[in-house]
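What follows is one structure encoded as structure tokens, with my remarks underneath.
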Amino acid sequence: MQAAVVKLDGNPTEVRKTCYLTMAKYITNIINQPSEVKFRKIRRENAAFQKRVIAADGGLDYLLAVGFREDIEEGFLVLSHSDMFLLNRVRGDLELYSSKF
Numbered sequence: 086m087q088a089a090v091v092k093l094d095g096n097p098t099e100v101r102k103t104c105y106l107t108m109a110k111y112i113t114n115i116i117n118q119p120s121e122v123k124f125r126k127i128r129r130e131n132a133a134f135q136k137r138v139i140a141a142d143g144g145l146d147y148l149l150a151v152g153f154r155e156d157i158e159e160g161f162l163v164l165s166h167s168d169m170f171l172l173n174r175v176r177g178d179l180e181l182y183s184s185k186f
């Protein structure tokens with residue numbers, strides 16, 4: 086994850102902040118409703134995802150480092166685990182990163 090954060094830090098401030106906040110929202114939704122499948126999947130072609138996460142260098146890398154995978158369902162990133170300890174840590178990190186702006 087650290088390599089992705091280093092990449093993300095190279096983006097303009099607004100791009101970086103938007104990416105962190107968006108990823109934090111994805112993770113928060115999973116934590117709040119862990120059995121809800123729709124929160125564990127992100128449609129790759131979703132316009133908001135493209136604009137807020139993919140457009141930020143390192144955004145996709147960060148989600149992959151967290152455990153999202155591209156090879157489970159075509160066209161989607163799918164979280165491949167249910168490690169709530171990790172997800173809570175990641176949410177805290179993302180909230181900390183986004184609060185720096």
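The C-terminal residue of the sequence shown carries number 186 in my numbering, and the numbering is unbroken.
Built from N, CA and C at the ideal position, the CB exists for glycine as well.
Listed in chain order, the non-local C-beta contacts of residue 166 below 7 Å within the same chain comprise 152, local neighbours out to five positions each way being set aside. Separation of residue 175 and residue 131 (C-alpha to C-alpha, rounded to the nearest whole angstrom) is 23 Å. For the 7 Å CB-CB criterion, residue 186 and residue 102 form a contact.
In the three-state reduction of the DSSP assignment, residue 126 falls in the strand class. Counting along the chain, residue 175 sits inside the alpha helix (DSSP H) bounded by residues 169-184.
Looking at the DSSP output, residue 153 sits in a beta bridge with 164. Rounded to the nearest whole angstrom, the C-alpha separation of residue 180 and residue 156 is 28 Å. For the options 170, 163, 172, 104, the alpha carbon positioned closest to that of residue 133 is the one of 104.
Restricting attention to 92, 142, 114, 94, the CA atom closest to the CA of residue 172 is found in 114.
By a beta-carbon distance limit of 8 Å, residue 126 does not contact residue 91. Their separation comes to about 27 Å.
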